[in-house]
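In the working numbering, the protein residues as written are 3 to 669.
Glycine included, every Cβ here is placed at the ideal spot set by N, Cα and C.
Here the structure comes first, spelled out in structure tokens, and everything after it is commentary.
Put into structure tokens, the structure is as follows:
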């Protein structure tokens, strides 16, 4: 090598990528985040995301205000947001409006008091208020797409309080609580005045709690009026009366999920996983109400506990009429956990002991149970109604229910059970008349058949309870043409009534079974090349409402990775690790299996480097091409001004050993 020359060496004709550690330090100037101080009377203003957050230093009184998407309203102290006038708070699904306290202070919530009927409140988040999240006083309203979470009330209505009619559409009310000597409605409370109607459409009320001497309505509490549930889920709420001591047991709790002094009407509703417990008496772990009408609804896995005075109605405690059509009542329980002498009064599924039930049709009643801790028990039935009234119990399945020995699955006044199947229960069927039904050991009445055959000869499964093709229950119900099957499927055989939940004129193939939130397909592990683009994808089934995604790398959230597909570009050693995603719907979250992304094993091949000579201080363009000759396409790699020492350039672009030719072009 001549003195004064530089060398480009170590550039192979074929080369696998070599990772080079580098440190890049960048400096950028950013403006300070905008913030606007507010308080007092607000009239004719527009609050924008550009000036957010809005920091309330005292009470805000809204005469006329528009809040745009993306705004955060933050309360610096124990202040309130009052709306006696007109408010337009219109967030969007992807850009919501947030009301909350600071990290070190709570606030007094939002109060609509005599506000305009034209107020708009949609896609808003209301968090950590200490005097109810929102109060509606003298202001009937409809709110949409809102999240009311983590709020508290020292009275009633931890999340929402209303004294009139209110409609919630696609809202989440979660993690709120109320506590006082007589608190009602951990999530939502309605005083029910003037025939008020509380309507929930496609909403979720979850993980709320009420705790009091006389606690009512862990999720929803209404002291009057009517509750209408449409496509809504009331899940994992609790009502807790103070527990019994040896000297004091007069505490009560009613309605772990729902307490309504008036009627409840539910269409495609889910009441699940709620609980009620007290020292003296607990009633209606899922629902406590007056008249109850449920269609295509699920009342499941609710539980009631009492340590003294008794526990009534694991699924529901209700008045008359009781109408259940195409419903699942399953996995509910009542228990006496016992610190003092006292009974558990049972009706693990439904208790209407003070009145009569009217119609139970095309339902599955399964896996309900009643038990106690000290052997003192009085369990009238899994479903218990008063002696008055005439009930119609048509085309139902009663399976796997547990009660005290020598008691019954269903007990009520006059009436008849027809076209139903009793199987796997540990108690007798009923004191009522039974016709055209399957009963273990047979049963007196008209055309009943013995259930003493293997279950797989009756049902295809013990979740949906569809009839097996060879089931003796097909075309074995009442032959009255007025009771003929009308829907095929789920009915089978001819038109004569099938016993069970899918026969007769009321059969509905949409008998509700809420599916679990499931990730399928799961993200797949991969071995990839350096510099490549990697995609991970998941699918979701069983979602209830909108779905959100958050991808994680080694357990840490990846900023901005919030869709069903994760794309990683220019993959390097720093990207090697475990990738997973947390998928959430309105009330549930589930994490995927981890997908491990690693670098494919490299075959190291050594080649002689290419040495190119040039003059110190001269400028050259380094190029490469996959072929050499006329028509070769040369790619620019880098511009070089040769120093006095050796200059080394490494080509990273050939992970698959593609042949390359190199040249220097003087500039």
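First through last residue of the beta strand (DSSP E) which encompasses residue i
i, result
"residue 240", "240-243"
"residue 266", "266-269"
"residue 1", "In this structure the chain extends from 3 to 669, so residue 1 is not present and cannot be described."
"residue 71", "It is not in any beta strand (DSSP E) - residue 71 carries neither H nor E in the DSSP assignment."
"residue 163", "162-164"
"residue 119", "Element bounds for residue 119: n/a, residue is neither H nor E."
"residue 700", "It is not possible to answer for residue 700, since the shown part of the chain is limited to 3 through 669."
"residue 255", "254-256"
"residue 102", "99-103"
"residue 143", "143-146"
"residue 138", "136-139"
"residue 222", "222-224"
Residue i - DSSP class collapsed to helix/strand/coil
i, result
"residue 350", "coil"
"residue 27", "Any reading at residue 27 must be qualified, since the residue scores a pLDDT of 26, below 50, and its modelled position is unreliable; no value is offered."
"residue 651", "coil"
"residue 579", "strand"
"residue 600", "strand"
"residue 459", "helix"
"residue 53", "helix"
"residue 91", "strand"
"residue 484", "helix"
"residue 196", "helix"
"residue 624", "strand"
"residue 126", "strand"
"residue 434", "coil"
"residue 550", "strand"
"residue 280", "strand"
"residue 307", "strand"
"residue 2", "Examination of residue 2 is not possible in this model, given that the chain is present from 3 through 669 alone."
"residue 207", "strand"
"residue 440", "strand"
"residue 294", "strand"
"residue 640", "strand"
"residue 61", "strand"
"residue 396", "strand"
"residue 379", "Per-residue confidence for residue 379 stands at a pLDDT of 38, beneath the threshold of 50, marking its modelled position as unreliable; the derived number appears in the next sentence. Coil, per DSSP."
"residue 133", "coil"
Per DSSP, cross-strand counterpart(s) of residue i
i, result
"residue 201", "169, 230"
"residue 401", "368, 425"
"residue 300", "272, 330"
"residue 569", "537"
"residue 318", "289, 352"
"residue 446", "Its beta-bridge partners do not exist; DSSP assigns none."
"residue 593", "584"
"residue 174", "149, 206"
"residue 335", "305, 371"
"residue 528", "599"
Local Cβ density within 10 Å of residue i, reported as buried at 16 or more and exposed below that
i, result
"residue 337", "buried"
"residue 642", "buried"
"residue 227", "buried"
"residue 418", "buried"
"residue 225", "buried"
"residue 630", "exposed"
"residue 645", "exposed"
"residue 39", "exposed"
"residue 136", "buried"
"residue 324", "buried"
"residue 36", "exposed"
"residue 154", "buried"
"residue 184", "exposed"
"residue 43", "exposed"
"residue 263", "buried"
"residue 116", "exposed"
"residue 506", "buried"
"residue 95", "exposed"
Heavy atom of the ligand NAP within 7 Å of residue i beta-carbon
i, result
"residue 259", "Annotation note on the ligand NAP: not contained in the displayed structure, which lists no ligands."
Neighbour flag for residue i against chain B, beta carbons, 8 Å
i, result
"residue 457", "This model lacks chain B altogether; it includes just one protein chain."
Do the segment 293-309 and the segment 254-270 meet, that is, are 3 or more Cβ pairs less than 8 Å apart? yes
Looking at C-beta atoms only, is the number of pairs between the segment 54-69 and the segment 79-88 that lie closer than 8 Å three or more? yes
Do the segment 198-208 and the segment 171-188 touch if we need at least three Cβ pairs shorter than 8 Å? yes
Quick test of the definition: if touching needs 3 or more C-beta pairs under 8 Å, does the segment 191-201 touch the segment 154-165? yes
Given 8 Å as the limit, is there contact between the segment 296-307 and the segment 270-277, that is, 3 or more CB pairs closer than that? yes
Meets three-Cβ-pair contact criterion under 8 Å: the segment 494-502 and the segment 525-535: no
If you pair each beta-carbon of the segment 89-104 with each one of the segment 71-78, do three or more pairs fall below 8 Å? yes
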